[in-house]
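Written below as structure tokens is the structure these notes are about.
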């Protein structure tokens, strides 16, 4: 009988496993393939990422970003720059991040097993039964609780009939071998209800990507986007981006974290920071012996992230505004900013107000 079975060894699952194992819990983590692969997520993150790692900057770091150029047209169109006179974010080795965080979970005492796919989950009054297919066949594990950290199409969520995210966008990434140490990303508001992007990764090349609602031609739009930049990309990958957390992310003996719970930024789709923040709340609040503590987790992570997610939805609504309104809004606010890329509430911070007044 484990204390917790964790399904998925992405950032959220590994962070929770590390924190829970550090408290002396018996934690086993199952990852269906090799940790970090296939890549399905951008490596552009806030500098807060280093709060969750240990001595990993030299290993993972690729480039520093201090601003973004927003376009209402495609490559070569007029841009509206937003920037700080300091580093806003970093570009990192995204696969390396997953491997590093899983290593920290192992170091804390969690058992992490790759090439193990969860094929069944059931809850009962005393715990959960998790069926796992590994190299030696199907195994059955018992635990007091199960943590679903297994991404947008979470098997745990489906097996236990937990609510689905409000929306699933289809994202496509591709990478070129251009060496680019510039410190600005490019954001193009040229796809329905979201955007396309270009992120310089230093010696590692350039990342191109976009996301679109279901039913749209993500690959066709991506081809047109990179053609506009006149580049060829390889190492392409795609994945789903969950938007809008459901009203409930816990069951009788289960809880979801990260993309499985749609704990993402509605205005960028990024979920690394929010997922690991929620993982910390889960480790602090949930006692595997006491299912009543699942409610404490629900309250804690929502209290922490609710306003950020609500404002994130408001920011995203601007992507679908008529182009003249977009241009007018960006013209009014372009220039130096005081906003944190993970926290839309900083739109009302002293730093942001000071930046606005300094232009007048």
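Residue numbers (our numbering): 549 to 908.
Built from N, CA and C at the ideal position, the CB exists for glycine as well.
Assuming residue i contacts residue j (C-beta within less than 8 Å), just tell me the rounded distance between them.
{"i": "residue 801", "j": "residue 694", "result": "7 Å"}
{"i": "residue 820", "j": "residue 597", "result": "7 Å"}
{"i": "residue 653", "j": "residue 577", "result": "6 Å"}
{"i": "residue 610", "j": "residue 639", "result": "5 Å"}
{"i": "residue 745", "j": "residue 758", "result": "7 Å"}
{"i": "residue 686", "j": "residue 696", "result": "About 19 Å separates the two Cβ atoms, so there is no contact after all."}
{"i": "residue 648", "j": "residue 588", "result": "Not a contact, Cβ separation roughly 18 Å."}
{"i": "residue 914", "j": "residue 853", "result": "One cannot answer for residue 914 here, as it falls past the ends of the chain, which runs 549 to 908."}
{"i": "residue 637", "j": "residue 592", "result": "6 Å"}
{"i": "residue 809", "j": "residue 826", "result": "7 Å"}
{"i": "residue 796", "j": "residue 711", "result": "6 Å"}
{"i": "residue 720", "j": "residue 766", "result": "5 Å"}
{"i": "residue 630", "j": "residue 885", "result": "5 Å"}
{"i": "residue 882", "j": "residue 628", "result": "4 Å"}
Report the option in the options whose CA atom is closest to the CA atom of residue i.
{"i": "residue 698", "options": "841, 559, 736", "result": "559"}
{"i": "residue 529", "options": "826, 834, 761, 781", "result": "Lying outside 549 to 908, the shown extent of the chain, residue 529 is not represented and no answer is given."}
{"i": "residue 861", "options": "774, 742, 622, 778", "result": "742"}
{"i": "residue 619", "options": "866, 592, 724", "result": "866"}
{"i": "residue 838", "options": "799, 855, 875, 849", "result": "799"}
{"i": "residue 661", "options": "731, 579, 688", "result": "579"}
{"i": "residue 550", "options": "613, 586, 678, 590", "result": "678"}
{"i": "residue 842", "options": "823, 803, 811, 864", "result": "803"}
{"i": "residue 735", "options": "599, 878, 727", "result": "878"}
{"i": "residue 850", "options": "864, 812, 747, 729", "result": "812"}
{"i": "residue 581", "options": "680, 856, 617, 622", "result": "680"}
{"i": "residue 590", "options": "723, 750, 897", "result": "723"}
{"i": "residue 730", "options": "612, 779, 668, 766", "result": "612"}
{"i": "residue 864", "options": "776, 668, 815", "result": "815"}
{"i": "residue 571", "options": "870, 715, 727, 832", "result": "832"}
{"i": "residue 688", "options": "669, 673, 702", "result": "669"}
{"i": "residue 783", "options": "764, 776, 664, 755", "result": "755"}
{"i": "residue 728", "options": "857, 748, 776", "result": "748"}
{"i": "residue 674", "options": "840, 702, 564", "result": "840"}
{"i": "residue 702", "options": "897, 874, 807", "result": "807"}
Could you tell me the distance, in whole angstroms, from the CA atom of residue i to the CA atom of residue j?
{"i": "residue 977", "j": "residue 805", "result": "Because the chain here runs from 549 to 908, residue 977 falls outside it and cannot be looked at."}
{"i": "residue 893", "j": "residue 847", "result": "19 Å"}
{"i": "residue 566", "j": "residue 657", "result": "8 Å"}
{"i": "residue 830", "j": "residue 573", "result": "13 Å"}
{"i": "residue 632", "j": "residue 615", "result": "6 Å"}
{"i": "residue 753", "j": "residue 725", "result": "4 Å"}
{"i": "residue 817", "j": "residue 771", "result": "21 Å"}
{"i": "residue 793", "j": "residue 713", "result": "5 Å"}
{"i": "residue 740", "j": "residue 868", "result": "7 Å"}
{"i": "residue 683", "j": "residue 556", "result": "17 Å"}
{"i": "residue 781", "j": "residue 768", "result": "14 Å"}
{"i": "residue 906", "j": "residue 642", "result": "37 Å"}
{"i": "residue 626", "j": "residue 876", "result": "13 Å"}
{"i": "residue 624", "j": "residue 607", "result": "34 Å"}
{"i": "residue 844", "j": "residue 835", "result": "10 Å"}
{"i": "residue 659", "j": "residue 569", "result": "9 Å"}
{"i": "residue 774", "j": "residue 666", "result": "37 Å"}
{"i": "residue 872", "j": "residue 617", "result": "17 Å"}
{"i": "residue 575", "j": "residue 552", "result": "5 Å"}
{"i": "residue 779", "j": "residue 785", "result": "17 Å"}
{"i": "residue 585", "j": "residue 902", "result": "43 Å"}
{"i": "residue 889", "j": "residue 855", "result": "14 Å"}
{"i": "residue 764", "j": "residue 676", "result": "39 Å"}
{"i": "residue 706", "j": "residue 554", "result": "15 Å"}
{"i": "residue 564", "j": "residue 824", "result": "7 Å"}
{"i": "residue 880", "j": "residue 671", "result": "53 Å"}
{"i": "residue 663", "j": "residue 621", "result": "43 Å"}
{"i": "residue 645", "j": "residue 708", "result": "29 Å"}
{"i": "residue 601", "j": "residue 718", "result": "29 Å"}
{"i": "residue 751", "j": "residue 891", "result": "29 Å"}
{"i": "residue 595", "j": "residue 874", "result": "28 Å"}
{"i": "residue 822", "j": "residue 655", "result": "23 Å"}
Can you find a C-beta in chain D that's less than 8 Å from the C-beta of residue i?
{"i": "residue 624", "result": "Included in the structure is just one protein chain, with no chain D present."}
**Request:** Entirely within the stretch 794-877 and at least 3 residues each: give me those beta strand (DSSP E) ranges in chain order.
**Result:** Whole beta strand (DSSP E) segments, 3+ residues: 802-804.
**Asked** Which ranges would you report for the beta strand (DSSP E) in the stretch 586-643 if only whole runs of at least 3 residues count?
**Response** Runs of the beta strand (DSSP E) spanning 3 or more residues and lying entirely within the stretch 586-643 occur at 592-594, 609-613, 615-619, 627-631, 637-640, in chain order.
**Request:** Go through the stretch 638-673 residue by residue and report every complete run of the beta strand (DSSP E) that reaches 3 residues or more, in order.
**Result:** If only uninterrupted beta strand (DSSP E) runs of at least 3 residues are considered, those enclosed by the stretch 638-673 are 659-661, 665-671.
**Request:** Scan the stretch 702-732 and note each continuous alpha helix (DSSP H) run of 4 residues or more that stays entirely inside, going in chain order.
**Result:** If we require 4 residues or more, the alpha helix (DSSP H) runs fully inside the stretch 702-732 come out as 703-707.
**Request:** Starting from the N-terminal side, write out each stretch of the alpha helix (DSSP H) that is 4 residues or longer and does not extend beyond the stretch 762-793.
**Result:** Counting whole runs of 4 or more residues, the stretch 762-793 contains the alpha helix (DSSP H) stretches 766-777.
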